[in-house]
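To start, the structure itself, in structure tokens.
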Amino acid sequence: MLKLTSDKFLKLIPSLFEINLNSDKSGSTIFSKLEQVIGFDEGFIYFLNPESLQLKYTYKTHSNYKINDTFKITPKLKNSIYAKDSEILSPDSEFIKVVGLSELKKKSYILAKISIKSTVFGVILLAKKEIGYYREADLEVLNAAACILSYVLKDLELSDVFKIQLKALKDGIYEKHEAYKTIKEQNEKILEADKVKNEFLANISHELRTPLNSILGFSDILGANLYGDLNRKQAEYVNDIKISATHLLGMINEVLDMSKIEARAMKIVKSTFWISRAVDEVCNIVAPLADKKHIALIKNLEADFEVFADYQKIQQILYNLVSNAIKFTPENGQVDITAAPGANCFRLVVHDTGIGIDEKYHGKIFAKFVQLDSAYTKKESSTGLGLTITKELVELHGGKISLISEVNNGSTFIVEIPQD
Ligand SMILES: Nc1ncnc2c1ncn2[C@@H]1O[C@H](COP(=O)(O)OP(=O)(O)OP(=O)(O)O)[C@@H](O)[C@H]1O
Ligand SMILES: [Mg+2]
12 MLKLTSDKFL
22 KLIPSLFEIN
32 LNSDKSGSTI
42 FSKLEQVIGF
52 DEGFIYFLNP
62 ESLQLKYTYK
72 THSNYKINDT
82 FKITPKLKNS
92 IYAKDSEILS
102 PDSEFIKVVG
112 LSELKKKSYI
122 LAKISIKSTV
132 FGVILLAKKE
142 IGYYREADLE
152 VLNAAACILS
162 YVLKDLELSD
172 VFKIQLKALK
182 DGIYEKHEAY
192 KTIKEQNEKI
202 LEADKVKNEF
212 LANISHELRT
222 PLNSILGFSD
232 ILGANLYGDL
242 NRKQAEYVND
252 IKISATHLLG
262 MINEVLDMSK
272 IEARAMKIVK
282 STFWISRAVD
292 EVCNIVAPLA
302 DKKHIALIKN
312 LEADFEVFAD
322 YQKIQQILYN
332 LVSNAIKFTP
342 ENGQVDITAA
352 PGANCFRLVV
362 HDTGIGIDEK
372 YHGKIFAKFV
382 QLDSAYTKKE
392 SSTGLGLTIT
402 KELVELHGGK
412 ISLISEVNNG
422 STFIVEIPQD
């Protein structure tokens, strides 16, 4: 039953705009103004939290319900609240159930959405003791009043929305912080595990080197016939033992070097030496390998010059590059070793006439354990660490390594070591 004259209603509209909820925390002015146009015994206003889909009981008349109680809305109620076409919420029992007002069952009630531009942010509910009290016209009036109240409540609600967003933001940051902490902890564990692995490798490699050196030493002595002549078969086997042990030692040294590099324990000790010394020594070591494949090993050292670097490491760099060049070059090929001084650096260039490397692998071959598929990599057991170590040793000197190569057209590895 509509309990107002149009005059009263027209007066109500501007008076609703005058409501100042900052000085009326209970919202009692809302209800007292509404009372002038719609009859009700109890009134409730709920704010809707779109994040948590909760209704927060915010304003009331004089009921026993606690302000700020929250009620999780059901999917059914959500559909009804967010239904675009209905301006007015049908006073459905679902709402009454959700907000725990079931004892009002015997009363009449009307609900209206509080929304701005179809964004629902609250619900206003009025209840009357008498059954069948409200008419369609009451709903229309409440809806009109709710429309004005939306703007009155907007500022407060906006600050509420702002608070919700701030909280969500804080939670997000906190969650990210937690995730970040977990990642950091896991990283530390991985680093620790890596350290243990490196220490283990360094230890085991060291333990393996000692007996291998004995095998090498004793097979040398046997091969040299110091304790009596060996027959042909015995000499052949002793030689096999020596070759295999040398090979195994090379692999263990690589693993040991790699674990040292990874543990950042690899140090360089610089001294001044003639470059020819390093080149000659490497050529002497690899000469038997080159001879076996009838590969011409050519030294290009126009003029000898002194360098300031770690002698052993420069030798190792050269050895790795030259042994690769020999390994990946078919019989009767050629390997050139060039050393040349530059303005602020010196260069070592190892060129071969071998199988070459496809451009797409130029970056990859410097990674740990990378071996390209070829008949040469299958033939011998090796670790695939040679170039990784070489690059590290070059970089420890502050230098760089580059490669020019194409399939079936040989390879050229260029090392530049700065000199200051
Ligand atoms: N001069 C070269 N010509 C063609 N391919 C090469 C050459 N040097 C290296 N490669 C390719 O790069 C891969 C990686 O080289 P790297 O020296 O790291 O390993 P490796 O020689 O196979 O084993 P290791 O040196 O540990 O005994 C090789 O397996 C090979 O496929
Ligand atoms: Mg190699």
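Residues in the sequence shown are numbered consecutively from 12, following this note's numbering. From the three backbone atoms N, C-alpha and C, an ideal C-beta is built for every residue, glycine too.
Here the alpha carbon of residue 285 sits roughly 14 Å from the alpha carbon of residue 428.
The Cβ-Cβ distance between residue 306 and residue 330 does not fall below 8 Å.
Annotation for residue 393 indicates a beta carbon within 7 Å of some heavy atom of ligand 2.
At a Cβ-Cβ threshold of 8 Å, residue 220 and residue 180 do not count as neighbours. In the DSSP assignment, residue 288 falls outside any beta strand (DSSP E) and within the unbroken alpha helix (DSSP H) covering 286 to 303. Pairwise C-beta distances place the stretch 394 to 404 out of contact with the stretch 350 to 369, as fewer than three of them are shorter than 8 Å.
In the DSSP assignment, residue 57 falls within the unbroken beta strand (DSSP E) covering 53 to 60. Within the DSSP bridge table, the entry for residue 362 names 347 and 423 as partners. DSSP places residue 320 inside the beta strand (DSSP E), whose first and last residues are 317 to 320. Bridge pairing for residue 133: 58 and 125 [DSSP]. Residues with their Cβ less than 5 Å from any non-hydrogen atom of ligand 2, running along the chain, are 335 and 397. Proximity to residue 304 across 325, 339 and 314 peaks at 339, based on C-alpha coordinates. From the listed residues 64, 80 and 337, the smallest Cα separation to residue 92 is found for 64. Between the alpha carbons of residue 199 and residue 193 lies a gap of roughly 10 Å.
Around residue 315, the same chain offers 285 and 287 as residues with beta carbons nearer than 6 Å, after the five sequence neighbours per side are excluded. Straight-line measurement puts the Cα of residue 264 at about 14 Å from the Cα of residue 380.
Nearest in C-alpha terms to residue 308, of all of 187, 72, 365 and 20, is 365. With fewer than 16 other Cβ atoms from the protein chains shown falling within 10 Å of its own Cβ, residue 208 counts as exposed.
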